[in-house]
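Q: This structure is in C-alpha cells; I'll ask about it shortly.
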C-alpha cells in the first residue's frame, strides 16, 4: 500500500515539475524562451508535409523534432545573455526591416482592407475550420490541353450529366474517373482528391463541393478546366485548424482576396497617396527639378557620375517640401545608397524625376503617420521583428561560438595527417589513351591494326571521333578504376602497357592503350596539406560545438508540457 502511494506521489511530483509555470499554449520553456503550440505545429507541418493528423506521427519522431526546437531555444537564450541583440550591425539591419514591416502594415490597413470584403474574410475563417474529402471526374472541351478530339462544350456537359446520374444510381465515381476523366492524375488516384480545406481549389469547384453533404453528387460544375462531376465522401473538423493562429489565417485569406482585386488596389493606393500629400501640404518645386536635370546632364560624361561631382549647395537643393520635411538630392542619394547609375534614368525627363521626388516624399510622410499612430507597438510588427532579430542573433552567435585559433602549425597538421592516413588515400591509377569510334565494324578494324603494331597515335589522329579527347591526342591521363566506366575497368584488367578493344562504351566503342600503373598508397603530406588543414578545422569546430551544446543543455534546462504534447 505504501509503495503504491509512493509511486502516485512521485508521478504527481513529476507532473508538477514538468508542467510548472507553462500555459496551455506552451509546449516547452527554456530559460525565458517559450515554444508555443503554433511554433511546434508549424515545425511539424514542415517536417511531415501532407500529414492530416499529427497523432499519427511516431512519438519518437515527434520528440526528436521537439528536442531540436528546444536546442534552438537554448541558443536564443544564450544569445540574449551574451548581449548579441545589442550588436550595432544587427540593430541597423532590424531597423531597416522594421520600416518595411510597418510600411506593409500600413498598406494592409489603408489599401488591402479597403478593397476586400471583410465579411468574406469571416466566412473564409468559418470554412477553414473543417475540411472535406471528395472525388471528381473532369471533362475537358474545345481547345483545352488534353481534350479528346472533337469534344464540344455541349458534348462535355451532356456527358457530365450522364455520369452524375450513373453515380447517383450506384456506380463508383472512382471507376468512372479512371475511364472518363481528363485529369492527368486520375490514372493514379482514380479521381480521389483526398481531404482539402477551403481555398485549395478554384472558386466554382470549392463552392459546389463545400455545399454538398457526404455522399451527395453535384450537377456538372463549370470551371476554367472544364466540367466537373463531384462527389463528397466525408466532412470533418480540420485537424490543423488552430484558433490561436487566426491572425496568420486572416493574413493568408486577405492575400488571396487582395490578389483578386489588383486594379482596385492600385486605384486605392493612388488615392491614398494623394490624400497623404494633401494632408501634409505637399508642394513640388518644378524649377529646382529642371535646374537639377540640367546640372546632371552637363556633369554626366560616360555614366561615370558620382556623389562627389555635386556641390553641397546642389545636394541641398529643395525639390519638394511638405509639413515637417523636404526632399533634396541628398535624400535621393541616400535612397539609392549613392548608386547613381540606378538613379540616372530618373533624370531623363521632368515627369520621371517629379514622380521619383513624389514617391520619396510620400514614403516619408507615411513614416510620420505610422510613427504618430504608434505602428511599432502593433503585435504583428513586434512578432515579425522578434523573429527577424532572433534569426540574425543565431547567425552571429554561431560565428562567435565557432571562433577559435585556426592557424595550425606544420607539426599539428603533420600529426593529424599521420594519425589519420586512411583519410588521405591515393587510389590506384592507370595511364590511358583512347580512340572512340561509333561504328562497331570500324572499331573492330582499328583495334586489330593497333594490336598488330600500327602506331596508336596515328590511328587516334585518323579515327578518333570524340572531340574532347581528340584535342589531347586521345590522352585521358591517370584514371582510377571508377573514373571512366568500362574503359577504366578494362584498363585495370589488362594492366600496364597493353592494347585492348573494342570496348562497348557510351553509344559507341573504345580502343585503349595503357601506360604506367600507380599503385594504391597514401598521398604525400605536401600534396594534401591544405586538405589536412580543412579536415582538422572541421574536426575542431565539431568538437567545440558539441562541447558548447553540452554546456547549454546544462545551463538552460527545459520544461515540457507533456499534456499538450500528447494531444498534438
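Numbering (the numbering used here), first residue to last: 246 to 813.
C-beta: ideal position from N, C-alpha, C; glycine also.
In three-state terms, what does DSSP make of residue 302?
A: Note: residue 302 maps to coil in three-state DSSP.
Q: Along the chain, where does the alpha helix (DSSP H) that runs through residue 656 open and close?
A: Start and end: 655-664.
Q: Just to check my reading of the structure: residue 844 and residue 373 have Cβ atoms closer than 8 Å, yes? What is that Cβ distance to the nearest angstrom?
A: Outside the displayed span of the chain (246 to 813) sits residue 844, for which this structure offers no information.
Q: For a minimum of 4 consecutive residues, which ranges assigned as the alpha helix (DSSP H) are wholly contained in the stretch 504-586?
A: Taking only runs of at least 4 residues, the alpha helix (DSSP H) segments lying wholly in the stretch 504-586 are 507-524, 531-544, 557-560, 574-580.
Q: Along the chain, where does the beta strand (DSSP E) that runs through residue 442 open and close?
A: That run of the beta strand (DSSP E) goes 437-442.
Q: From which residue to which residue does the beta strand (DSSP E) around residue 272 run?
A: 271-275 is the extent of the beta strand (DSSP E) around residue 272.
Q: Could you give the residue range of the beta strand (DSSP E) that holds residue 723?
A: 720-724 is the extent of the beta strand (DSSP E) around residue 723.
Q: Spell out a yes or no on whether the stretch 360-374 and the stretch 669-680 are touching, meaning 3 or more CB-CB pairs, one atom from each, closer than 8 Å.
A: No, they do not touch.
Q: Are at least three pairs of beta-carbons, each pair with one atom in the stretch 265-277 and one in the stretch 791-807, less than 8 Å apart?
A: Yes, they touch.
Q: What's the call for residue 253, buried or exposed, on a 16-neighbour Cβ count within 10 Å?
A: Since pLDDT at residue 253 reaches only 40, below the 50 mark, its modelled position is unreliable, and no value is offered.
Q: Which same chain residues end up closer than 7 Å to residue 426 when comparing Cβ atoms and leaving out the 5 residues on each side of it in sequence?
A: 382, 383, 436.
Q: From the DSSP output, in three-state form, read off residue 249 for me.
A: With a pLDDT of 41 at residue 249, under the threshold of 50, the modelled position of this residue cannot be trusted; read the value that follows with caution. Here residue 249 sits in helix by DSSP.
Q: Between the beta-carbon of residue 376 and the beta-carbon of residue 483, is there less than 7 Å?
A: Against a cut-off of 7 Å, the Cβ pair of residue 483 and residue 376 comes out as a contact.
Q: For my contact list, residue 539 and residue 560 are in at a C-beta cut-off of 8 Å; report their separation, rounded to the angstrom.
A: That belief does not hold up - the Cβ atoms of residue 539 and residue 560 are roughly 16 Å apart, past 8 Å.
Q: Could you name the residues of the same chain whose beta carbon sits closer than 6 Å to that of residue 357, not counting the 5 residues immediately before and after it, in chain order?
A: Closer than 6 Å at Cβ, skipping near neighbours: 499, 503.
Q: Going along the chain, which unbroken runs of the beta strand (DSSP E) with 3 or more residues stay wholly within the stretch 389-461?
A: You should have 437-442.
Q: Give the secondary structure of residue 742 by DSSP, where H, G and I count as helix, E and B as strand, and everything else as coil.
A: Three-state result, residue 742: coil.
Q: Quick one: what does DSSP say residue 474 is sitting in, helix, strand or coil?
A: Strand, per DSSP.
Q: From residue 707 to residue 681, what does the alpha carbon distance come to, in whole angstroms?
A: Their backbone Cα atoms lie some 11 Å apart in a straight line.
Q: Which partner residues of residue 758 appear in the DSSP bridge assignment?
A: Answer is 678, 744.
Q: Compute the Euclidean distance between the alpha carbons of residue 686 and residue 385, then round it to the nearest angstrom.
A: Rounded to the nearest angstrom, the two C-alpha atoms are 53 Å apart.
Q: Residues in the same chain with beta-carbon distance under 8 Å from residue 530, minus the five sequence neighbours each way, listed in chain order, please.
A: Once the five neighbours on either side are set aside, the close Cβ partners of residue 530 are 563, 564, 565, 566.
Q: Taking contact to mean 3 or more Cβ pairs, one atom from each stretch, closer than 8 Å, check whether the stretch 440-457 and the stretch 357-367 are in contact.
A: At 8 Å Cβ cutoff, the stretches do not touch.
Q: Straight-line CA distance for residue 811 to residue 281?
A: If you take the alpha carbons of residue 811 and residue 281, they lie about 14 Å apart.
Q: Starting from residue 382, trace the alpha helix (DSSP H) both ways and give me its first and last residue.
A: Element bounds for residue 382: not the alpha helix (DSSP H) but the beta strand (DSSP E), 375-384.
Q: Check residue 310 in the structure and name its three-state DSSP category.
A: Helix, per DSSP.
Q: If you measure between the beta carbons of residue 757 and residue 746, is that distance less than 7 Å?
A: Closer than 7 Å, so yes.
Q: Could you give the DSSP three-state label for residue 750: helix, strand or coil?
A: In the structure shown, residue 750 sits in a strand (DSSP, three-state: E or B).
Q: Which residues bound the beta strand (DSSP E) around residue 467?
A: Where residue 467 is concerned, the enclosing beta strand (DSSP E) stretches over 466-468.
Q: Do residue 517 and residue 355 count as a contact pair if the criterion is CB distance below 7 Å?
A: Yes.
Q: So, with DSSP's three-state summary, where would you put residue 727?
A: Note: residue 727 maps to coil in three-state DSSP.
Q: Please identify the residue among 575, 773, 717 whose C-alpha is closest to the C-alpha of residue 556.
A: For the residues 575, 773, 717, the minimum Cα distance to residue 556 belongs to 575.
Q: Use the C-beta contact count for residue 447: other C-beta atoms within 10 angstroms, 16 or more gives buried, fewer gives exposed.
A: Burial call: exposed.
Q: For chain C, find out if any of its Cβ atoms is closer than 7 Å to the Cβ of residue 581; answer yes or no.
A: No chain C is part of this structure, which consists of one protein chain only.
Q: Would you give the residue range spanned by the beta strand (DSSP E) that residue 803 belongs to?
A: Counting along the chain, the beta strand (DSSP E) containing residue 803 begins and ends at 803-805.
Q: Using the Cα positions of residue 391 and residue 430, report the straight-line distance between them to the nearest angstrom.
A: One C-alpha to the other measures close to 12 Å.
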